[in-house]
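Here the structure is laid out as structure tokens; the discussion comes afterwards.
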Amino acid sequence: MEIINQLFSHVDSLHHFLLKTAKVIGSSQELEDRLLRDGDSDSYRSLLHDVMVGSTDSVGAGVPVSVDYTPLTKLSEVGINVIQKLVKKKCEKNVFSFGHYELSHNSAAQISSCLRSEYAYPNHTNALLHCRAWKTLHSRIGDQLMMYLLERQSMFVPVGQDSYIQITGVPVYDMISRIEGTCSQLNPTCHYGGKDITGMVSNMGKRKRTMDGKQQKKALHPSCEQPDSQGIDGMMDDIPCKRPKIIVDSQKVQHYSHHKQLPRKNMFYARNLREKLPNSFHPTCVDDLVEEVFLKIDVTTAASVSMATVSHDKCSEKDVREATLGVTVTSAVKPLLFCLLENLRKKSIIYSLLNYHCKAPQLKTCRPRARRLPSRGESSQSAADKVVRRGKMGGPTVAQLLETHSRHRQVYLFLRSLLKRIVPLQLFGSPYNRRVFLKNVRKFVGLGRYETLQLGEIMRKMKVSHCKWLKSVKNPVVRENLVAMVLWWIMTRVVMVTLKSYFYITETGPYRYHTFYFRKRLWMTLRAKGVSDFLKLGTLAPMSEKEAMEMMHAGISLGCSQLRLLPKLSSLRPIVSMGLGIGTQALSVKQQLSNVLHVLSYIKNMNPGLVGSSVFGLDDIYAQWRNFVLKRRAAEDTGPLYFVKADIEKCFDTILPEKLYSVVENALNSVKASEFIIRRYAVVLNMRGRLRKQFRKSVHTLTDFEPDFQKFTKSSLKHLRNAVIVDQVMYRHENKESLLSLIKTHLFHNIIKVGRRYYHQFRGISQGSVLSSMLCNLYYAAMERDVFAVSEGELLMRHVDDFLFVTPHLENARAFLKRLSDGIKEFNCFINKSKTLASFESDDIIPVCSAALFPWCGLCLHMATLEVMVDYSRYNGLNLRDTMTMECGVRALRETLAFSLKQRCHGIFLDIQLNSLPTVLLSTYKMFLMTARRFHCFMKKFPTGRKANENPAFFLGLIQELIHLFFCYGKHRVWDKHKDPGTRIKEDLTEWLGLRAFLQVLRKHQGGYFKLLKLLKTRFSRCERKMKLTTSTTYQNLTEITSQGEPREFDDIML
1 MEIINQLFSH
11 VDSLHHFLLK
21 TAKVIGSSQE
31 LEDRLLRDGD
41 SDSYRSLLHD
51 VMVGSTDSVG
61 AGVPVSVDYT
71 PLTKLSEVGI
81 NVIQKLVKKK
91 CEKNVFSFGH
101 YELSHNSAAQ
111 ISSCLRSEYA
121 YPNHTNALLH
131 CRAWKTLHSR
141 IGDQLMMYLL
151 ERQSMFVPVG
161 QDSYIQITGV
171 PVYDMISRIE
181 GTCSQLNPTC
191 HYGGKDITGM
201 VSNMGKRKRT
211 MDGKQQKKAL
221 HPSCEQPDSQ
231 GIDGMMDDIP
241 CKRPKIIVDS
251 QKVQHYSHHK
261 QLPRKNMFYA
271 RNLREKLPNS
281 FHPTCVDDLV
291 EEVFLKIDVT
301 TAASVSMATV
311 SHDKCSEKDV
321 REATLGVTVT
331 SAVKPLLFCL
341 LENLRKKSII
351 YSLLNYHCKA
361 PQLKTCRPRA
371 RRLPSRGESS
381 QSAADKVVRR
391 GKMGGPTVAQ
401 LLETHSRHRQ
411 VYLFLRSLLK
421 RIVPLQLFGS
431 PYNRRVFLKN
441 VRKFVGLGRY
451 ETLQLGEIMR
461 KMKVSHCKWL
471 KSVKNPVVRE
481 NLVAMVLWWI
491 MTRVVMVTLK
501 SYFYITETGP
511 YRYHTFYFRK
521 RLWMTLRAKG
531 VSDFLKLGTL
541 APMSEKEAME
551 MMHAGISLGC
561 SQLRLLPKLS
571 SLRPIVSMGL
581 GIGTQALSVK
591 QQLSNVLHVL
601 SYIKNMNPGL
611 VGSSVFGLDD
621 IYAQWRNFVL
631 KRRAAEDTGP
641 LYFVKADIEK
651 CFDTILPEKL
661 YSVVENALNS
671 VKASEFIIRR
681 YAVVLNMRGR
691 LRKQFRKSVH
701 TLTDFEPDFQ
711 KFTKSSLKHL
721 RNAVIVDQVM
731 YRHENKESLL
741 SLIKTHLFHN
751 IIKVGRRYYH
761 QFRGISQGSV
771 LSSMLCNLYY
781 AAMERDVFAV
791 SEGELLMRHV
801 DDFLFVTPHL
811 ENARAFLKRL
821 SDGIKEFNCF
831 INKSKTLASF
841 ESDDIIPVCS
851 AALFPWCGLC
861 LHMATLEVMV
871 DYSRYNGLNL
881 RDTMTMECGV
891 RALRETLAFS
901 LKQRCHGIFL
911 DIQLNSLPTV
921 LLSTYKMFLM
931 TARRFHCFMK
941 KFPTGRKANE
951 NPAFFLGLIQ
961 ELIHLFFCYG
971 KHRVWDKHKD
981 PGTRIKEDLT
991 EWLGLRAFLQ
1001 VLRKHQGGYF
1011 KLLKLLKTRF
1021 SRCERKMKLT
1031 TSTTYQNLTE
1041 ITSQGEPREF
1051 DDIML
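The opening position of the sequence shown corresponds to residue 1 in the UniProt record's numbering, with each subsequent residue numbered one higher.
As structure tokens, then:
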């Protein structure tokens, strides 16, 4: 119901909707007497009360003036007439007519009963019209109202768990994009401890004292205004601000959109590696520049729409002329634009500044020496100079080249010098405005991979009154819009274009979301070295463009994929993009292989033994590890265990295609069915207050296929809650021969494009393919069946290419390690010995784990007690900021911290049957410590005036909300699943640990949290008194866990 209420302005049950409609036409009493009668069946009454009707128009809009409640035709004929009308309206979608099309030359289609349309598959929502309840409804309301319902309204049938199936109307997944801005502006209710704190937050915004003259002048400045204040995705609009807002008459001129985001996505992974500005960077004349800045940019909406397309309904003609032609009404701006235009044509300025601030290395003087990528916070001295001073002749290694990226400060200094040379100071208005803008440029350069900068942040603290070229514009909103256009143009057409023209911008594997800037000439060398390594390994072989095109035209290849390289510490990881429609094929390679993936997933679920010891996430690891530990404890086996972990070297690149093809063929032949049906449907979910649409596929054989979509939903999708499901009436039939043909083509005739060159892949599978993980698991599972034998009391798990073997027999552990160390040549499998670890001494040079905790895939396994904790050592040397996407706003803060807690709130850490109570409490404490550190990282990004000390009560409520969410996650996911009350943790324990963790972290930065710390201490002391009175033993455990402060493993994590 929540989703339907968000999408439609009017939502009623079918019974109430019909009565409201009849009231509009003046016959409500007559219809009320006809709808319900004594003796009506329960199914008919359920139809009236359970089916929901959503409408975006006013009640009764479009209904005929005079309605006859006596049916003249059959219900099936009414449905045929409605489908015929909807098929003619090609521009409108309606779920009721899905699957029906106008007559064509398609021989596979069937002629429908209306003789003017065809269908390939029947729409099973039409079958509802044959139900007795719907026929009864038709007999009570007549043809006209029934046609009105089917054609004009959106109806939803319940299927349990507060979920619905849409049977008529515009599909809801198409409506999400239309109201996306509205949905994102819904103010969420903040809860903690089961209480609503929205009222508390609104009261905190009230001032307790009057402002002096200086504060009033500052508060009334246009730059302090918060446009689009209903939105909560941006700059803290849901935190009460102490500054009053200026109320502008929005009916005359629409204010610039505060949440308009800079399109950073296009800056990354440049394909053209020539250091050259595009021709569009240089406008031909001042008039073209005026048009580009003030007419082609719309700052009032989130999309980039021309001002010429803006509706004039909300604006007077005079104000629209000022907004669109404001530059022409003042002569002061044209000389500034002319000066800007002349400076843009001076290419030598850019090259000189670029070579001065971001110097390219002299690669011929490098000597091989492997080093790691520098992390955030290191010296900004040019790494290129370090490489040059090494002195000896020789080709540079990839590790040395990776050192020579330009630091964020170098890139910023280059942009600052460039903007000072190109953009006239008078265009900013004053040195103060330029300094504010340059600070935003510095922030923009330092953003993470998926972070954004909004127009409201760029305009913050800008003083429009300093711009003298705006004197002739009287409307203050228009003045701000014009300044916003200029700043937007500088950011998008100068800053972003310059960065993309001279730098290759990418993230890296070790440093997560931290962005790295490589000079393009340097990246060209790196890419050439990476491709040459693949050629030496025999993974790729060059081919001409003519050969590639011939293979794609002939259908020998599925298409062409783009290769990009992801930097690691000392190497490059190949990532293939198969989602682009490159080549002559209408569909991308990813789309063509999508059905293969779903069929293989279906076969894997039917026969889990095909993937051997593969685990696909924490749920699988938890199930297998818990089963292994409980069996061992039930047998009272206290003998020692021996651990081995091994990493397959280049697991994707070394796979033999011939062997893999035979493995996949055997997997397909393991199923008796020769044909598969792939059903497509859409699901709309409410995820953390935002509507999200998902297009899913479900695979069936002819024996288990359920044609009735409503029955399929109740049986296969019963786990969904608060969702709306739409049958897209799209079915694809695939047989084994067609699937094997696609797999064979993908494995043996895969074409990869690097720059302008084409390569034929002869070995391995491409990382980035939708099939890569599935094929890798099938391949190494076949190797396990042929090579390894796991006996009773042993455990073998593999997460893609990471093996974990636990056994009580030392000779078995040594044999397993030796077999992998020697290599399995028939599968071309060899391990990376530097990433291999054992708990015992071996003949090979393999590292030995001397500690009690054995690390594997982000987990720490205690080798004696078999308890599990999170491995935080993988954060060593990283800045915590680089591990998450930080958007400035309370909603982003709340969602990010809640998501991180939810990811760690898992049974493998919190199950008291698996781990002891002190271990569970210690894991909980560490999780809260990490959450408090993330909270501090967010607070550092919040602007002045919006820090924690400004609203300490609000942030205290937010912390308590996170602690309560953690308890709810643990209670629902772990503790409620066990009937034994001794395996549950009370909420008082989690509250005590959470408050203690936040106090431990925030007291190190008392200057920014002294008011919040005062409230935290008060709340913590109250909780501590309660803990002392209830459980003294548990309280003693808590104090022992937290007495030493933060664990040592957190010391190497930078903030």
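Beta carbons are placed, not taken as given, at the ideal position from N, Cα and C, and that holds for glycine.
On a CA-only basis, which of the options is nearest residue i? Give me that one, please.
i            : options                   : result
N595         : H15, L401, G793 and L739  : L739
D298         : Q261, Y256 and K334       : Y256
K546         : M155, I751 and E1049      : I751
G79          : Y1035, M146 and Y642      : M146
R573         : K650, A646 and V65        : K650
W523         : G538, F268 and T745       : F268
A484         : E961, F437 and L526       : F437
R891         : F954, L917, S850 and V868 : F954
A61          : V24, D33 and H972         : V24
V589         : K833, F516 and T745       : T745
S769         : P171, R132 and L597       : L597
K260         : T452, Q166 and Q426       : T452
residue 1056 : S900, F909 and F534       : The requested residue 1056 is not part of the displayed model; the chain covers only 1 to 1055.
A781         : P608, S923 and I908       : P608
Under the three-state reduction of DSSP, which class applies to residue i: helix, strand or coil?
i            : result
A815         : helix
T807         : strand
F686         : Note that residue 686 is Asn in the sequence shown, not Phe. N686: strand per DSSP, three-state reduction.
Y256         : coil
D619         : helix
A789         : coil
Y642         : strand
E151         : helix
T136         : helix
residue 1132 : No statement about residue 1132 is possible, as the shown extent of the chain runs from 1 to 1055 and does not include it.
F942         : coil
D12          : strand
K947         : coil
I4           : helix
So the alpha helix (DSSP H) residue i belongs to, where does it begin and stop?
i            : result
M552         : E545 to H553
I556         : Looking at the DSSP string, I556 is not in any alpha helix (DSSP H), and its letter there is neither H nor E.
T603         : Per the sequence shown, residue 603 should be read as Ile rather than Thr. Taken as a continuous stretch (DSSP letters only), the alpha helix (DSSP H) holding I603 covers V589 to M606.
residue 1063 : The structure shown does not extend to residue 1063, since the chain is modelled only from 1 through 1055, so no value can be given for it.
R1003        : It is not in any alpha helix (DSSP H) - R1003 carries neither H nor E in the DSSP assignment.
If I measure Cβ to Cβ from residue i and keep anything under 7 Å in the same chain, skipping five residues before and after, which residues do I get?
i            : result
T301         : S257
L1055        : L880, R933, H936 and C937
R984         : W975
residue 1108 : Nothing can be reported for residue 1108: it is not among the residues displayed for the chain, which extend from 1 to 1055.
Looking only at its own chain, which residues have a Cβ that is under 6 Å from the Cβ of residue i, when we skip the five neighbours before and after it?
i    : result
R798 : S613 and S614
F705 : I677
In the DSSP assignment, the beta strand (DSSP E) including residue i goes from what residue to what residue?
i    : result
C860 : L859 to H862
F966 : Run containing F966: none in the beta strand (DSSP E); it sits in the alpha helix (DSSP H), P952 to R973.
I165 : S163 to Q166
G54  : M52 to S55
Y101 : H100 to E102
R271 : Taken as a continuous stretch (DSSP letters only), R271 belongs to no beta strand (DSSP E), as it is neither H nor E.
K913 : Looking at the sequence provided, one finds Gln at residue 913 rather than Lys. Note, Q913: premise wrong, no beta strand (DSSP E); not H, not E.
Leaving aside the five residues before and after residue i along the sequence, list all residues of the same chain whose C-beta is less than 8 Å from its C-beta, in chain order.
i    : result
L273 : Y504, K520, R521, W523, M524, R527 and G755
Consider the Cβ of residue i: report whether some Cβ of chain C lies at a distance smaller than 9 Å.
i    : result
I167 : The structure shown contains no chain C, having only a single protein chain.
Worksheet entry | Every unbroken beta strand (DSSP E) inside the segment 726-754 [3 residues or more] | Counting only runs of 3 or more residues that sit fully inside the segment 726-754, the beta strand (DSSP E) segments are 750-754, in chain order.
Worksheet item: If you scan the segment 70-95 from start to end, which runs of the alpha helix (DSSP H) of 4 or more residues do you find wholly inside it?
Response: With a minimum length of 4 residues, the continuous alpha helix (DSSP H) runs that stay inside the segment 70-95 are 75-88.
Worksheet entry | Completely contained beta strand (DSSP E) runs for the segment 824-878, where each covers 3 or more residues | The DSSP assignment places complete beta strand (DSSP E) segments of no fewer than 3 residues inside the segment 824-878 at 853-856, 859-862 and 868-870, in order along the chain.
Discussion item. Please give me, in chain order, every unbroken run of the alpha helix (DSSP H) with length at least 4 that falls completely inside the segment 517-544.
Written reply: Counting whole runs of 4 or more residues, the segment 517-544 contains the alpha helix (DSSP H) stretches 520-537.
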